[in-house]
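Student:
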Amino acid sequence: MYICRKNVEREIMIKRNARLDQNLPMMRSQVFALISNYFVGYLFLYPLIGVFITYQLTGVADSMTQEVAFVIYGFLILFTLYLSRPIIKESFRMAKGRWFSHIKKIPINYLFLFASLLIVNTTITALTGVETSANQDLVFQSLKESPALIIFAALIMAPIVEELVFRGGLYRALRNRYSYKRAIFISMLAFGFIHVFASLLSGDFMDLWNIFTYMAMGFFFVKIYEETGSVFPAILLHFFNNAIALSIMWLTTVL
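Going left to right, the sequence shown walks through residues 78 to 332 as the working numbering numbers them.
1. Go through the segment 170-238 residue by residue and report every complete run of the alpha helix (DSSP H) that reaches 4 residues or more, in order.
2. Report the start-end ranges of each alpha helix (DSSP H) in the segment 114-166 that is 4 residues or longer and not cut off at the edges.
3. Looking only at its chain, what residues have a beta carbon closer than 7 Å to the beta carbon of Arg96, apart from the 5 residues adjacent to it on each side?
4. Could you check whether the segment 287-301 touches the segment 309-327, counting it as contact only if at least three pairs of C-beta atoms, one from each stretch, sit closer than 8 Å?
5. Can you grab the Cα-Cα spacing for the pair Met90 / Val242, in whole Å?
6. Would you identify the three-state DSSP class for Val331, choosing helix, strand or coil?
7. So, is Asn319 buried or exposed, given that buried needs 16 or more other C-beta atoms within 10 angstroms?
8. In its own chain, which residues sit with a C-beta less than 6 Å from the C-beta of Arg254, not counting the 5 before and 5 after it?
9. Cutting at 8 Å between CB atoms, please list the residues of its own chain near Ile112, excluding the five before and the five after it.
10. Between the Cα of Ala146 and the Cα atoms of Pro163, Ile126 and Arg244, which residue gives the shortest distance?
11. May I ask which residues mark the beginning and end of the alpha helix (DSSP H) holding Ser279?
12. At the level of alpha carbons, what is the spacing between Arg252 and Gly136?
13. Which class does Gln99 belong to by DSSP, given the choice of helix, strand or coil?
14. Between the segment 258-273 and the segment 180-191, can you find at least three pairs of beta-carbon atoms closer than 8 Å?
15. Return the residue from the list Leu160, Val117 and Asn212 that minimises the CA-CA distance to Arg105.
16. Are the beta-carbon atoms belonging to Ala293 and Ala211 less than 8 Å from one another?
17. Quick one: is Ser264 buried, meaning 16 or more other Cβ sit within 10 Å of its Cβ, or exposed?
18. Check this for me: beta carbons of Met234 and Ile154, under 8 Å apart or not?
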């Protein structure tokens, strides 16, 4: 029993990767542009542009058509990939000759992620009576109304963009400037905050409890990035997590 517990603790702990101690492959201005593209562009500017384009095309105000949303998401992905070129090149270099060992880390990390989410969500429900986050409710509703769009956003856009921004950009920059443990916490906190941000703007402060759910996700995404030195396993773990979550939501709509 003791040996088993020690093995679990060893798997959960984040092992510092000395290969990431080298200089940051991006200039600070590039990191700033990458992060700004997400926090300013994706959260504020691009939705306004999408609404404006929709109004020009249809005359309907205060909304965005699915077609326009696809274009906005596509642009966000491509621009993020362009800004992240140094991180992507470094990730390819870190993964060279290690693809199989990196991929093997995904299932075990997902199992620990799933168990962590089960504990965190059960605790939040026990304390607040709230069973799902506002973000989950939005995804569930979108799955019924615009399934193609939400599948694209959750399985393609979110894993690529969020891992390049929060792990490849934010975490990588903070890690080289401060202690890696502090960088882990800030990356987790930022990732959690962004998923409850809309609720805070609308005054739904109870949803703030769910920041711990997304911080738990952020922990395992940064864990697999730190241990492999490559953003690709983090993207795949993120994709795997979202794919299973969407599958469960879809099953609840058809059963």
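Positions of the beta carbon are idealized from the N, C-alpha and C atoms, including for glycine.
Tutor: On the basis of the data shown:
1. Runs found: 176-205, 211-222 and 224-229.
2. Within the segment 114-166, the complete alpha helix (DSSP H) runs of at least 4 residues are 123-135 and 143-160.
3. Mapped onto the sequence shown, residue 96 falls at position 19. So the list reads Met171 and Gly306, once near-sequence residues are dropped.
4. Verdict: yes, contact present.
5. Counting from 1 along the sequence shown, the entry for residue 90 is found at position 13. Counting from 1 along the sequence shown, the entry for residue 242 is found at position 165. Distance between the alpha carbons of Met90 and Val242: 23 Å.
6. The residue given as residue 331 occupies position 254 in the sequence shown. Looking at Val331 - three-state DSSP - the assignment turns out to be helix.
7. Walking along the sequence shown from the start, residue 319 turns up at place 242. Buried is the call here.
8. As a working note, residue 254 is residue 177 in the sequence shown. Nothing meets the Cβ criterion.
9. What you label residue 112 is simply residue 35 of the sequence shown in a count that begins at 1. Setting aside the 5 residues that flank it on each side, Ile112 is surrounded in the same chain by Val242, Gly246 and Leu247, each with a C-beta closer than 8 Å to its C-beta; the list follows chain order.
10. By 1-based counting over the sequence shown, the position of residue 146 is 69. Per the Cα distances, Ile126.
11. Taking the sequence shown and counting its residues from 1, the one referred to as residue 279 is at position 202. Segment: none, Ser279 is in no alpha helix (DSSP H) and carries neither H nor E.
12. Stepping through the sequence shown from its first residue, residue 252 is reached at position 175. Stepping through the sequence shown from its first residue, residue 136 is reached at position 59. Computed Cα separation, rounded: 47 Å.
13. One-based indexing of the sequence shown puts residue 99 at position 22. The three-state reading of DSSP puts Gln99 in coil, since its state is none of H, G, I, E or B.
14. With the cut-off at 8 Å, the segment 180-191 and the segment 258-273 do not touch.
15. Here residue 105 corresponds to residue number 28 of the sequence shown, with the count starting at 1. Checked all of Leu160, Val117 and Asn212; the closest Cα to Arg105 is Leu160.
16. Counted from its first residue, the sequence shown places residue 293 at position 216. Counted from its first residue, the sequence shown places residue 211 at position 134. Judged by beta-carbon spacing, Ala211 lies beyond the 8 Å limit of Ala293, meaning their Cβ atoms are not closer than that value.
17. Taking the first residue of the sequence shown as position 1, residue 264 is located at position 187. Burial call: buried.
18. Counting from one through the sequence shown, the residue named residue 234 turns up at place 157. Counting from one through the sequence shown, the residue named residue 154 turns up at place 77. Taking a C-beta distance under 8 Å as the contact criterion, Met234 and Ile154 qualify as a contact pair.
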